[in-house]
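Here the working numbering is used: the first residue of the sequence shown is 503, the next is one more, and so on.
Heads up, the beta-carbon is just placed ideally off N, CA and C, and yes, glycines get one too.
This structure is a prediction, so every number in the text was calculated from the model and none was measured.
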Amino acid sequence: MTLFFLAIFVINGAISSYFARKTVSHLDPANVEVLKEVILLSRYLKSIESNLSSAAETGEIEFVKKTSQTERQFLSLIENLKAYDPGLSKEYDKVRAIFMEYIQAGKRLSQILLKEDFSNPEVAVNANMVKLLLPQLKKHMDSLEDAKYQEFLNLQQAMEEISREHVRTDVAITLMVIVFSIITAPIMVRSINKPLRELVRATKELGAGNLAARADVKTKDEIGVLAESFNSTAEQLNMAQQKLYETNEILKDANRQLKEADKHKTEFLASMSHELRTPLNAIINFSDQIIEDWEELKKDDEWNKDAKDMLERVLKSSRHLLSLINDLLDLAKIEAGMMKLELMDNDLGSIIADTMANVQPLAGAKGIFLERTIQPDLPPVACDERKIMQVILNLLSNAIKFTDSGGVHVKLFQKAGYKDGLVLEVRDSGIGIPADAVHYVFDRFRQVDGSDAKRYQGTGLGLNLVKEIVEMHGGAIEVESEVGKGSCFRVFLPYNGGRKEKPA
503 MTLFFLAIFV
513 INGAISSYFA
523 RKTVSHLDPA
533 NVEVLKEVIL
543 LSRYLKSIES
553 NLSSAAETGE
563 IEFVKKTSQT
573 ERQFLSLIEN
583 LKAYDPGLSK
593 EYDKVRAIFM
603 EYIQAGKRLS
613 QILLKEDFSN
623 PEVAVNANMV
633 KLLLPQLKKH
643 MDSLEDAKYQ
653 EFLNLQQAME
663 EISREHVRTD
673 VAITLMVIVF
683 SIITAPIMVR
693 SINKPLRELV
703 RATKELGAGN
713 LAARADVKTK
723 DEIGVLAESF
733 NSTAEQLNMA
743 QQKLYETNEI
753 LKDANRQLKE
763 ADKHKTEFLA
773 SMSHELRTPL
783 NAIINFSDQI
793 IEDWEELKKD
803 DEWNKDAKDM
813 LERVLKSSRH
823 LLSLINDLLD
833 LAKIEAGMMK
843 LELMDNDLGS
853 IIADTMANVQ
863 PLAGAKGIFL
873 ERTIQPDLPP
883 VACDERKIMQ
893 VILNLLSNAI
903 KFTDSGGVHV
913 KLFQKAGYKD
923 GLVLEVRDSG
933 IGIPADAVHY
943 VFDRFRQVDG
953 SDAKRYQGTG
963 LGLNLVKEIV
973 EMHGGAIEVE
983 SEVGKGSCFR
993 VFLPYNGGRK
1003 EKPA
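Okay, structure coming up:
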């Protein structure tokens, strides 16, 4: 009997080790990284497609340079994926080959269009190549994303099957031991009855799915050894189950992030399309009207006034469009690490006064007040004047947009609990922000949900850009808000502008 239990112990340990190795072999965190990089590869392709299109439309060489930079990132990522995921090396090589043909054709087409050589027969050739290759490239990349996502699903199924197989094996071994003991050791029934019942209980609980089940057996005989082996196996199984749970959580989180990112991207594209289309339509319509009515306007004594009014509307729409594009470009620079600050000692009070003068017409048009309180004798702050003015302008514009009555109050002061710099507050009496939305107001492409907020146009970029610029200065921003009473955005700007040493 001792030899039997010893053999069972060895076999059980070997099986436990086998399942442990089998479980660990499936837990490869690199799979998550591969999926993230495949998704990033698609983003690079979209960026290249956008830059090539912009280069062709605007004739600016800067977009071609951006294309070259993203091309290098794309190719570098391809090589990383081949190293991390050799099983799909041929697919990555195929994507790389199609991409090289596509990017070369796109660059050639952009170079020809930049030279305005529209009669060049190469225009049609390269344009057709771009149209032909881009769908192929997207199809291969979509196939890669689907393949990696399917691997995650297969991993989850495999882990669940390993867990079930391990439980079945443990139960089978334990039951075999019990049957053998009952048949061959009737004399020892009384001495082993209690620990055996305990072991049966724990086995049933484990078989029923209770991975925390343990056999409370204190004897030093074979049953005690078996119980110890059972507990060890149960512990390993519990650890494997925990790893499986953690992996599932990683997969769920990755899936949630993918869905959330896709949702935000879709909402942003819809919002940005509307924001860009509105001023463009105004520019086109007013320009057409001026051209169409030019001769009649000249005959009218009031034509100068009408023409000037329409041109002012065109100018206003153009400036709004330029502001949207500048926000997009600034965010792109920050994300690419290309945004540089020109730090100089500046009087924040003067910057606030100049910015408020610029937005005073907006407040006047809505019939709301715009006032400021500047603490006297404040020290200068090292900052990029243009960027900080952009921060203040975005906060003021946002406050005015969401305030229909009352007004906006700007305050600059030294706060007792903040010794490193100055505090800027922009407080309005607008519609406010719901409590469940405060935590994401600074997220890119996110806008507050709700019928009140939806009445106001916007892209969801302004506050994110404010946060990025403030943090580049080594500062921070926070918000307090209550629905129906207004919001207060509080900016903390250090004296040294984020530099390690405080300027003399």
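Terminal residues of the alpha helix (DSSP H) in which residue i lies
i    : result
P996 : Careful: P996 lies outside any alpha helix (DSSP H), inside the beta strand (DSSP E) at 988-996.
F565 : 563-586
Supposed close pair residue i, residue j - CB separation, criterion 8 Å
i    : j    : result
F871 : Y920 : About 28 Å; that fails the 8 Å criterion.
K917 : V925 : 5 Å
Q743 : S665 : 6 Å
V719 : P697 : 4 Å
M841 : M661 : Not really, about 44 Å apart at Cβ, beyond 8 Å.
V632 : Y586 : Not a contact, Cβ separation roughly 30 Å.
D886 : L850 : In fact, because the Cβ distance is near 12 Å, the residues do not count as touching under 8 Å.
L547 : L639 : 7 Å
K708 : V681 : One detail in the question is off: residue 708 reads as Leu in this sequence, not Lys. Contact doesn't hold; Cβ gap of about 18 Å is too wide.
A714 : N740 : 7 Å
G554 : S612 : Residue 554 is actually Leu in this sequence, not Gly. Contact holds; Cβ gap of about 6 Å.
A704 : F732 : 7 Å
I890 : I853 : 6 Å
L753 : F654 : 5 Å
H615 : A558 : This sequence places Leu at residue 615; His is not what is there. Contact flag correct, Cβ pair sits at about 5 Å.
L728 : V679 : 6 Å
Identity of the residue in the options nearest residue i by Cα
i    : options                 : result
L897 : G964, E730, R1001       : G964
H911 : N733, D718, I685, R992  : R992
V540 : F788, H642, G934        : H642
M609 : Q575, F682, F565, K650  : Reading off the sequence, residue 609 comes out as Lys, not Met. K609 has its Cα closest to that of F565, out of Q575, F682, F565, K650.
A855 : E873, A865, M846        : E873
K835 : G869, E624, I971        : I971
A978 : F944, E984, S989        : F944
T735 : E724, V681, T676        : T676
N848 : V681, A901, G923        : G923
Q606 : L864, L831, A729, E551  : E551
L537 : G909, T905, Q892, A756  : A756
V893 : F904, D829, A939, S907  : D829
Q571 : G839, D879, R888        : G839
V883 : I902, G909, R1001, E980 : R1001
S931 : L635, H941, N656, K903  : K903
Q877 : S852, D906, F915, M846  : F915
I935 : V981, L967, G976, K969  : V981
N582 : P623, N630, L542, M846  : L542
G726 : E535, K650, L701, S989  : L701
T671 : K868, P623, I513        : I513
G869 : G909, K889, T875        : G909
Check: residue i C-beta below 7 Å from any heavy atom of the ligand GDP
i    : result
R874 : This structure lacks the ligand GDP; in fact it carries no ligand of any kind.
Delimiting residues of the beta strand (DSSP E) encompassing residue i
i    : result
S852 : Run containing S852: none in the beta strand (DSSP E); it sits in the alpha helix (DSSP H), 850-868.
A884 : 883-885
G711 : Neither: G711 is in no beta strand (DSSP E) and is coded neither H nor E.
L914 : 909-915
G923 : 923-930
Residue i - DSSP class collapsed to helix/strand/coil
i     : result
A978  : strand
A717  : coil
L845  : coil
F944  : coil
S953  : Note on S953: pLDDT 46, under 50, position unreliable in the model; no value is reported.
R545  : helix
D648  : helix
R874  : strand
I513  : helix
A1006 : Caution applies to A1006, whose pLDDT of 41 falls short of 50 and renders its modelled position unreliable; the value that the coordinates give is listed next. Correct three-state label for A1006: coil.
V673  : helix
Q744  : helix
Runs of 4 residues minimum, wholly inside the region 599-646: which ones carry the alpha helix (DSSP H) assignment? none
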